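Chains as they are written, first to last, in the UniProt record's numbering: chain P, 1 to 1006; chain D, 1 to 433.
Where is the CB? At the ideal position from N, CA and C, for every residue including glycine.
Model, not experiment: these values are computed from the prediction.
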Amino acid sequence: MESNKKYWKGLEEYNNTPDFVKNNKNEFAEPLPIEDVLNEAGLSTVTPRRDFLKALGFGLGAVTLAACQTAPIHKSIPYLVKPEEVTPGIPNYYTSSFNGQSILVKTREGRPIKIEPNPNAGEFNCGTDARAQASVLDLYDVSKLKAPVLKNEETTWTKLDGFVKTELAKAQASGKKIRLVASTVNSPSTNAVIAQFVAKYPAAKLVQYDAVSYTGIIQANQNSFGKAVLPKYNFDKADLIVSFGADFLGTWISGEEFTAQYTANRNYKSLASKKMSRHIQFESGMSLTGTNADTRVPVKLSEEGPALIALYNAITGQSLPGGTLGNNTTADKVIKLAAKELAQNKGKGLVVCGSNDVSTQILVNAINAAIGSYGTTIDLDNPCYLYAGNDAEFNGLVAEMSRGEVGAVLFLNSNPAYDYLDVKKFEAALKNVPAKISFADRADETASLCDAIAINHNYLESWGDANAYEGYYSIVQPTINPVFNSRQAEESMLIWADAPVKNYYQFVRSNWEAKMLPALGLKWNDILEKGVVSSAPKPAAAYSFTQSLAQVATSIVSSSKALAKEVELQVYENIPMRDGKNANNAFLQELPDPVSKVTWDNYVALAPKYAEKLKIKEFDVVTVKGTNGYSIDLPVLIQPGQAQGTASIALGYGRTKVGKAGNDVGKNAFPFVSFVNGTMQYASSVTITPTGGYYELAQTQTHHSFEGRAVIKEATFKEFLKDPAAGNEKGEHKDYDLWDQYEKPGNNWVMAIDLNACTGCGSCVVACNVENNIPVVGRDEVRRRREMHWIRIDRYYSYETKDGDVTKEKEIAKLEDLDHVSVVHQPMLCQHCDHAPCETVCPVLATVHSSDGLNQMAYNRCVGTRYCANNCPYKVRRFNWFNYWNDSRFDNYLNNEFTQLVLNPDVTTRSRGVMEKCSMCIQRIQAGKLAAKLQKRPLKDGDIKMACQEACSANAIVFGDANDPNSEVSKALRSERIYYVLEEINVKPGIGYMTKIRNTDPSVQA
Amino acid sequence: MRDISMILKSVWKSLFVFSAISVIAVSTVNAQDAKEGRTLFRAKCSSCHALDAKLVGPALTGVTDRHSEEFLLKWIPNSQALIASGNPEAVKLFNDNGKVAMTSFPELDEAKVKDILAYIQEGEPKPAAGTEGAAGASAKDEGTSGLSIAGIVAIVAIAIVILVILGRASKLLERLILQKQGIEIEEDVPLKVGIRKMFKNKKFVMFFILCLIIALGSFGWMGMWNTGVHTGYQPVQPIKFSHELHAGINQIDCQYCHNGAFKSKNATIPSLNVCMNCHKAVQARDKYDGEISPEIKKIYNALGYDPETQKYDESKSKPMEWVRVHNLPDFAYFNHSQHVVVAEDAIRKAKGLQPNEPVCFACHGPVNTMEEIYQYSPLTMKWCINCHKETDISGQKNNAFYAKVIEAHEKIKKGEKITPALLGGLECGKCHY
């Protein structure tokens, strides 16, 4: 049975626009101007001959000079006193934490160059996200301040301390308030420092303010169960997950952790035991989580509340008012089915909601209590401390500031002048504060309004700790001396508080040695080595919901009605940029959004049909105006799957004072956030009017097209249960073989990628960038299809056609189906084909095959004919159009003496005119082999891990030796689900993909 | 083709050296022995003897006049045995020198003792421009400094002038003899006319052009091949560090300073705290009239160390900027530990190293005789590849890592030699990534 699904990467491919067809023929978007040169005018002019002679003369001279060159003078400067643990050429690994997640930092000769997950973290060892991978670049960011700043001038720490102490004393004496505004602080040591600070200045108080807030859930739990916490969610214990707009695989609370839990029930190992969870997603914008859902139902933002009421009513049999979904019949149908299944699977279901509205979250609590989630899939007794921000408290602070009640304010890891919903109000309020101090590492939007900037360390230069979950602590330790003249914020506070211990290392250590370590029976060095300590989790109790929901329902219905106007706008965090704090990170800016594949910009996402209704085409610039009068001009992106009548804009863009790479990239969408019913609300109603402008977004989605060849195979879970090879039928074709067969007597490096586990989050892309010195090319170059990523994640849309034959007319007639597209993410990298078509066409043998199954690329041999890229059926080869690491045009991104410190010294930086592609992290293979040789032992499975594999939270990538029948990858490759992309052209790829399985129910086929 | 250039090169070189040596043809026949003797002397004798000063033992200049060679050949390897045997000359010598027993050197055979005696006889070599240069050139393969080339050219020029003069003289004499005998000779054709005539001779012109082409061609060919090859490269280092003294005479293990070579890709230049392990005490004051050696002082200065107070002042420290001698291109990956640890036995065997020689000598040459370090091997890709093609690594079977790999290969190549090339050691990705 051949699948009758049609897959397409973007609407231009779907509609086969003339531009797409034209571009698709060429591997490279811009051909060389050969014809201009060879036409008659070109030949008859005088210049070619003269130019030729000039070039000849210069070339001859240059060659002569080069030949005369004696020997290069390369300085080699050893340590004066070498630290005992450092051996040049050998990496050292240190445990640390990034945003509460335990990590290993790989350093070479004292420079942190790579972030890896900490295998000691146990339950919380779940890969790393793109932000963590890219964070090494922030350490070397040249846009940071190099010394502390006082009144806009660089100063010394002594002067700054003098100033701040006087101001704080003044504020304390005046009887006014002192406020420390910080993103959620979950570090025990930082909290102890703040306690000392408050002891010295009793007028001081910590105000936790998160740019993207979870106050709604925290207050709902306080209201429902008397516990003001974020619960610990256990997606691995849920057989049925129903999500209302919660992007839990991406940006919601702790995406990597949830990804690991979620895929544990859906990956090849789980499928081998015939087990797979079901996931239903209701949302308006297409989120990463939505693309992975078995059933995704687009609902308007204003329908979300009524949908939850309807679900509650259906489960409990009650009849709360407002549970009507109007004309969204699909949603209605799916809710009824979900309710039935949730009621059947008591204790094995989980309902989550992305809303920050307290009433909505109370209703979600009621539903979860009704289906018995508490104690199984939701754990309120081991809560999560990643977010503790209080919206009302910060809003109150702004009011206090404008009333002149605040004498001094300090900003730690917070930037309200950018991410507060009313920047003008905040700036005006800030003017009424006599002393303003920021701990930012750069003169950002808030810091530049402050009197003093006590520049803080990067986390890789810091001491510290984190407490992400109840009973789970991780350590932060410095891996490099401070790059600039910065000082850790905690140390600054200790100095200003005249604390007895001013050295923060001493402080953290004595804090641990006094409070934590004795109980655990551990020494300080143990915790530095392991990086984490966790105590046995408390038993998770079941909670029952007893309150009346009448008022809640009224509140939900009235906010839903308030929203249902013009265009319903959702502002959301996207994976690369999140809340915009890392906006100057070029790796993240160039990471394509997992769904839209847009880089370097945010945009207004509209559904195809809705855009047609508004008479807007893709890339038309529109003005989006909020009810508060804020308006921005942004290009439109046509997004299949977006709910009709809604628009989505990503947060985190439009920074103005973050640095060279991130300034003025996209537009700021935070002002569309509104403060309603005591919390920040991320849905609002806006008007959209075209400006007549046109702005091409730098999208990577259709750059490397398979031209409609079948590269995705999928089946439903039901079909899979009947036949594990469902959807993986081999087509009838005869194999012709032009190649000689070679044995692979040693190792045979191969990979298996589980399409059912891959969520498309993109952390592998950044991990690969950092590991392999892959340059950032910038927006303009991406528009020219010159992005350099060695691994890309192809995102395919598809939908089921009821009748077998697919003709173009019919497809277009069915345009409404574009609301209900399903999505497959496919990581695509060099397939290391045994019969590699690229190898046969290389005129200089720069790309050849190795005896261990790798397709190798010798950069110093490559002359840049690009024949290989033209002949690669997978389109995974990348051409260096510039010397990206050494070209002033790319100074904004990576080319400067500081960011070059992030380079991996084991990988060549490629120069202009050279082709490159995935090397299967050959430096890691060689290092793994050498380690085994030095220890005189055979290579073990798992000794060598690819950078992409290591970063993957979902364990979707398995790498190993196919010659070892017991290796993980050999086992994976024996799965019936394994297929090879474009198997029929018989290039014998080394990477097997496992069919995508969807746990859909035919009765709710969207 | 490379070999041809090498041959040409060596022919050129030997021509130069031969002419130089043949012209001076003086008493440097023993030079090699004396040189060897000097090394031996510094290794074995110098802790108790000097040439012109009495240390523990007597000054040795003129020792060959004071004692017969026969006696010395017995005395030096084992003086105690000679004294015990009651040899009067030996007993007298023992008593004259405060009855301090001299260490026995059973490892010194007759030839070695003769080398040492040759060195004592000749004394410390004087730095004479011509001879020193020629000797240096022959000893160091590529160490031809500008001075020595100039010396050779001068010698050759003088030789040619002498030859021409002698030729003219003999011709004149011959003519005089013939004239005396009354035989008439034709008048000499004027030189200018002769040359003009010669250039009208097509055969000669052809020959001349051919020679020119061959000369220029081989010169160009050599130049091209050697572009970027820096064999013999010996940059000036910030400290005149002598490997001969440290690795040769003092027999310090390579690993003591270059400890990275055995675990890392980098051999590593030692950090200065390693130098201080010895040089806190060793200051070579005896050679500099009680002052600290200026070279050792450089270490102190870089570290901000004050030898008087024995304290470090970090604020005064500054980095030591060595000049890298062995440069590989950025796109080539080389790992020391792979070669000196994993493949040590195979490399030793392939390069024929003695058991007492460190494996490092295989590529870095006789470091223990290098006054200042220079690049010994060409470090070209061909050089790498050749070794990978030829080295027999069947011995690696003892390493469990290779056991599986080699087993697989032995199935294919029964009994044949196994080289790195067979295990994929010639694949681009092994060194270029």
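Worksheet item: Are the Cβ atoms of P/P594 and P/C384 separated by less than 8 Å?
Response: no
Practice prompt. Would you list, in chain order, the members of the stretch 350 to 376 of chain D that have their beta-carbon closer than 9 Å to a beta-carbon of chain P?
Written response: Q375
Discussion item. For chain P, check one thing: does any of its Cβ atoms lie closer than 8 Å to the Cβ of D/S315?
Written reply: no
Worksheet item: Buried or exposed: D/G133, going by 16 or more other Cβ atoms within 10 Å of its Cβ?
Response: With a pLDDT of 37 at D/G133, under the threshold of 50, the modelled position of that residue is not reliable, and the figure given next carries that caveat. Classification of D/G133: buried, given that the 10 Å Cβ count is 16 or more.
Discussion item. Just to confirm my understanding: we take D/V26, look at its own chain, exclude 5 residues before and 5 after, and list those with CB closer than 7 Å. What are they?
Written reply: Caution is warranted here: a pLDDT of 42 is assigned to D/V26, below 50, making its placement in the model unreliable, and the coordinate value is therefore given only provisionally. When the five nearest sequence neighbours on each side are left out, no beta carbon in the same chain lies closer than 7 Å to the beta carbon of D/V26.
Item to complete: Could you pull the start and end residues of the alpha helix (DSSP H) that P/P112 belongs to?
Response: Run containing P/P112: none in the alpha helix (DSSP H); it sits in the beta strand (DSSP E), R111 to P117.
Discussion item. Could you tell me the alpha carbon to alpha carbon distance between P/Q361 and P/I217, rounded to whole angstroms?
Written reply: 6 Å
Discussion item. Counting only beta-carbon separations shorter than 8 Å, does P/Y79 have a partner in chain D?
Written reply: yes
Worksheet item: Does DSSP classify P/A570 as helix, strand or coil?
Response: Inspection of the sequence shows that residue 570 of chain P is occupied by Gln rather than by Ala. For P/Q570, the secondary structure class from DSSP, reduced to helix, strand or coil, is strand.
Worksheet item: What are the start and end residues of the beta strand (DSSP E) that includes P/R278?
Response: Counting along the chain, the beta strand (DSSP E) containing P/R278 begins and ends at R278 to E283.
Worksheet item: How is P/R266 classed by DSSP in three states: helix, strand or coil?
Response: coil
Discussion item. Comparing C-alpha positions only, which one of P/R179, P/N292, P/I791 and P/P117 sits nearest to P/K530?
Written reply: P/P117
Worksheet item: Taking Cβ positions only, does D/G217 come closer than 8 Å to chain P?
Response: no
Worksheet item: If we call anything under 8 Å between Cβ atoms a contact, is P/S284 one with P/A643?
Response: Remark: C-beta atoms of P/S284 and P/A643 approach each other more closely than 8 Å.
Worksheet item: Going along the chain, which residues of its own chain have a beta-carbon closer than 6 Å to the beta-carbon of P/P724, five neighbours each way excluded?
Response: E976
Fill in: Anticipated Cβ contact below 8 Å, D/A247 with D/V367, distance rounded
5 Å
Worksheet item: What residues in the stretch 859 to 887 of chain P have a beta carbon less than 8 Å from any beta carbon of chain D?
Response: For the stretch 859 to 887 of chain P, which is checked against every Cβ of chain D, the residues closer than 8 Å are Y859, N860 and R861.
Worksheet item: Would P/T377 pass as a contact of P/G349 if the rule is Cβ separation under 8 Å?
Response: yes
Practice prompt. Using 10 angstroms around the beta-carbon of D/I183, count the other beta-carbons present and answer buried if the total reaches 16, otherwise exposed.
Written response: exposed
Worksheet item: Of all the residues that make up the stretch 256 to 281 of chain D, which are near chain P by a beta-carbon distance shorter than 8 Å?
Response: N259, G260, K263, S264, K265, N266, T268, I269, P270, S271, L272, N273 and V274
Discussion item. Within the continuous alpha helix (DSSP H) that includes D/Q283, where are the two ends?
Written reply: No alpha helix (DSSP H) holds D/Q283; DSSP gives it neither H nor E.
Practice prompt. Rounded to whole angstroms, what's the CA-CA distance from P/K114 to P/V876? Just pull it up for me.
Written response: One C-alpha to the other measures close to 24 Å.
Worksheet item: According to DSSP, is P/A813 helix, strand or coil?
Response: Residue placement at P/A813 is poorly supported in this model, since its pLDDT is 38, which falls under 50; the coordinates are not used for a value here.
Practice prompt. Reducing DSSP to helix, strand and coil, say where P/A650 ends up.
Written response: strand
Practice prompt. Assuming P/N952 contacts P/S763 (C-beta within less than 8 Å), just tell me the rounded distance between them.
Written response: Note on residue identity: the sequence assigns Cys, not Asn, to residue 952 of chain P. Indeed they touch by this definition, with Cβ atoms about 7 Å apart.
Worksheet item: In terms of alpha-carbon separation, which member of P/E618, P/V598, P/K597 and P/T599 lies closest to P/L606?
Response: P/E618
Discussion item. For the beta strand (DSSP E) containing D/M222, name the first residue and the last one.
Written reply: Judged by DSSP secondary structure, D/M222 falls outside any beta strand (DSSP E) and instead within the alpha helix (DSSP H) spanning K202 to W225.
Item to complete: Compare the Cα-Cα distances from P/D161 to each of P/F244, P/D332, P/N125 and P/D498 and report the closest residue.
Response: P/D498
Worksheet item: Mapping DSSP to helix, strand and coil, what is residue 1012 of chain P?
Response: Given a span of 1 to 1006 for chain P in the structure shown, any question on residue 1012 of chain P remains unanswerable.
Worksheet item: Got a sec? Which residues, its chain only, sit under 7 Å from D/F199 by beta carbon, not counting five neighbours each side?
Response: Only V205 meet the Cβ criterion.
Worksheet item: What residues in the stretch 893 to 917 of chain P bring their beta carbon closer than 8 Å to a beta carbon of chain D?
Response: D906, V907, T908 and T909
Worksheet entry | CB contact check: D/A400 to chain P, cutoff 8 Å | yes
Fill in: DSSP state of P/E976 mapped onto helix, strand, coil
coil
Discussion item. Measuring straight from C-alpha to C-alpha, what distance separates D/A343 and P/N966?
Written reply: Between the alpha carbons of D/A343 and P/N966 lies a gap of roughly 29 Å.
Item to complete: Quick one: which residues of the stretch 320 to 338 of chain D get their C-beta closer than 9 Å to a C-beta of chain P? List them in chain order.
Response: M320, E321, W322, V323, R324, V325, N327, P329, D330, F331, A332, Y333, N335, H336, S337 and Q338
Discussion item. So, at 7 Å on beta carbons, what are the nonlocal neighbours of P/C918 in its own chain, with the 5 sequence-adjacent residues on each side left out?
Written reply: Closer than 7 Å at the Cβ level, and outside the excluded window around P/C918, lie W790, I791, L829, C830 and V876.
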